[in-house]
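Q: Take the sequence shown: its letters are residues 114 to 503, numbered as in this note's numbering. Each residue gets a CB set at the ideal place from its N, CA and C atoms; glycine is no exception. Quick caveat: nothing in here was measured; it's all calculated off a predicted structure. Just dropping this structure here.
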Amino acid sequence: MKIKPNDYLKKLTCLYVEDDDSVRESFLVILNKIFKEVYIAKNGKEGLELYKKHNPDIILSDIKMPQMDGLEMAKEIKSINPDAYIILLTAFTDIEFLKQAIDLGVEGYITKPVDKKKLYQKLNFLAEIIKHKKEAEENLQLLNKIFEEQTDAVILAKDNDIKLKNSTFINEFGDYKTLDDLEENLKIDLIFDEKPSIVNIELDNKVKTYEISYKNADKNHKIITFKNISEINKKIYTDELTKAYNRKYLKELLPKLINKKVCFIILDIDNFKQINDKNGHLVGDIVLQILAEIIKENLRKDDIFIRWGGEEFLIIPNNVEDINTAEKIAENLREKIEHSNFMEVDKVTCSFGVSCKQISSQDDIKSLFKKADSALYLAKQHGKNQVKVI
């Protein structure tokens, strides 16, 4: 079967390096019919300069040449661009030459005199590779343009490698190269699922909430989008008056407590009804706001503070598993509240109930709530303004 040059070669450029004038002129007739443009050099030194100037798609070069031979030139070109496509033309087929050519990573060699069929086979093979590579680059450029138009942080990943990221992602998180580094530094787990995941990420000493969604770009690449929902999330999960988390947030949080040892601190403002009755509900609201500020100021940023309802609050200290530590946290808060200024109200105190439990199921969570609430009841029964533990 007759082999013809691939039509795509007409879109490509070629660097042809040959020191023999007669060979060069005759071979050039063939190459001019195949390529869009052919750059000609008489030795390796000229060839290297032309490569630097024009960056041709394919290099065809003789081996034995003055000033700089083909192997030396190929080595220099590969040092500039390891992906350069080089075919060596030679009358020599000795083992040492072949070994050097393989070590350099050239795409092949053709013995002289050049057989057109073999030449076309080699060039057609490279044309397909270059075509797919250029198409992939064009697709990547298009994708990059699309990415840059996104207001959300977006990356394109293949296996563990991050192939593409938009400027929003870089500005928000940094210039990560792998998913492993991203997960380790942001302390998140990327779970490739159809359902988006919600994560809290600490950036510049501020915790932001992101919705992470995943899409398949193709069978090898995934698009991962990080949507900053901090403000939306804040409104949904925050109590409007006190700015503590609300019960909706607690409902989302509870399943995440399973398989952990958790401590609950429940506190309630003592005699809050009398405060409202005596001073009015507006003052009562101010008391709740001041109390919330005192508590937030005296908790760590990872501790969870929730308005349970009315004048009752729930604290879940982060990574606190023993009852003694939880009791100390509660006692510290009790003292801070007792000695704080609540403006128009002479004195405000709180009672605390504390309990800890290993959580294995939803029933364990209910049990822990019940124990902490019973401890709070004991604190109220024993005179208020105190901490009780069960």
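1) Tell me Asp507's beta-bridge partners as DSSP assigns them.
2) For the candidate residues Thr338, Glu440, Gly423, Leu122, whose alpha-carbon lies nearest to that of Phe465?
3) Does the distance from the C-beta atom of Arg413 to that of Asn431 stay below 8 Å?
4) Going by beta carbon distance, what residues of the same chain come within less than 8 Å of Gln234, once the five residues before and after it are set aside?
5) Per DSSP, Asp228 forms a beta bridge with which residues?
6) I need the DSSP call for Thr462, collapsed to helix, strand or coil.
7) Can Gly218 and Leu201 be called in contact, C-beta distance under 8 Å?
8) Would you decide whether Glu162 is buried or exposed? Buried here means 16 or more other CB atoms lie within 10 Å of its CB.
9) What is the rounded straight-line gap between the Cα of Asp383 and the Cα of Lys497?
10) Compute the distance between the beta-carbons of Asp352 and Arg420, then report whether it is under 8 Å.
11) On the CB-based measure, 16 or more other CB atoms within 10 Å of its CB, does Phe418 come out buried or exposed?
12) Report the CB separation of Leu125 from Ala240 in whole angstroms; it is logged as a contact under 8 Å.
13) Going by C-alpha to C-alpha distance, which of Thr291, Leu232, Glu159 sits closest to Ile147?
14) If I'm right that Lys123 touches Lys165 with Cβ under 8 Å, what's the distance once you round it to whole angstroms?
15) Reducing DSSP to helix, strand and coil, say where Leu354 ends up.
16) For Phe305, count neighbouring C-beta atoms within 10 Å of its own C-beta (all shown protein chains included) and say buried if the count is 16 or more, exposed if not.
17) Taking just the CA atoms, how far does Ser487 sit from Ala357?
18) Does DSSP put Ala197 in a helix, a strand or coil?
19) On a CA-only basis, which of Ile337, Glu248, Cys469 is nearest Leu292? Give me that one, please.
20) At the level of alpha carbons, what is the spacing between Ala214 and Pro179?
21) Helix, strand or coil, according to DSSP, for Ser468 in the structure here?
22) Looking only at its chain, what residues have a beta carbon closer than 7 Å to the beta carbon of Val312, apart from the 5 residues adjacent to it on each side?
23) Should Ala204 go down as buried or exposed, given a rule of 16 or more other Cβ atoms within 10 Å for buried?
24) Can you name, in chain order, every residue of its own chain whose Cβ lies under 6 Å from the Cβ of Lys278, other than the five neighbours on each side?
25) Could you pull out every unbroken alpha helix (DSSP H) segment of at least 4 residues lying fully inside the segment 223–276, listed in chain order?
26) Should Val130 and Ser174 be called a contact, given that it needs their Cβ atoms to be closer than 8 Å?
27) Which word fits Leu427, buried or exposed, when buried means at least 16 other C-beta atoms lie within 10 angstroms of its C-beta?
28) Grab the span of the alpha helix (DSSP H) containing Val400 for me, first residue to last.
29) Going residue by residue through the segment 414–492, where are the continuous beta strand (DSSP E) segments of at least 3 residues, counting only ones entirely within it?
30) Compute every distance between the C-beta of Phe465 and the non-hydrogen atoms of the ligand NAD, then say whether any falls below 7 Å.
31) Using a Cβ-Cβ distance under 8 Å, would Gly496 count as near chain D?
32) Less than 8 Å separating the beta-carbons of Ile371 and Ser474?
33) Are Ile442 and Ile378 close, meaning C-beta to C-beta below 8 Å?
34) Who are the Cβ neighbours of Asp132 in its own chain at under 7 Å, not counting the five residues just before and after it?
35) Looking at the structure shown, is Asn341 part of a helix, part of a strand, or coil, going by DSSP?
36) Look up Asp182 in the DSSP assignment and say whether it is helix, strand or coil.
A: Reading it off the structure:
1) This structure gives no information on residue 507, because the portion of the chain shown stretches from 114 to 503.
2) Glu440
3) yes
4) Ile116
5) BP columns for Asp228 are empty, so no partner.
6) Three-state result, Thr462: coil.
7) Taking 8 Å as the cut-off, the Cβ atoms of Gly218 and Leu201 do not count as close.
8) exposed
9) 7 Å
10) Yes. Within cutoff.
11) Residue burial annotation: Phe418 is buried, with at least 16 other C-beta atoms found within 10 angstroms of its C-beta.
12) 7 Å
13) Leu232
14) 24 Å between Cβ atoms; not a contact.
15) coil
16) exposed
17) 23 Å
18) coil
19) Ile337
20) 18 Å
21) Three-state DSSP puts Ser468 in a strand.
22) Ile301, Tyr323, Ile325
23) exposed
24) Ile268
25) 229–261
26) At a Cβ-Cβ threshold of 8 Å, Val130 and Ser174 count as neighbours.
27) buried
28) 394–410
29) Entirely contained in the segment 414–492, the beta strand (DSSP E) runs reaching 3 residues are, in chain order, 417–422, 425–429, 463–472.
30) The model on display carries no ligand, and the ligand NAD is accordingly not part of it.
31) Looking at the structure shown, chain D is missing, and only one protein chain is on hand.
32) yes
33) yes
34) Lys155, Asn156, Asp175, Met178, Pro179
35) strand
36) In this structure, DSSP gives Asp182 a state outside helix and strand, which the three-state scheme calls coil.
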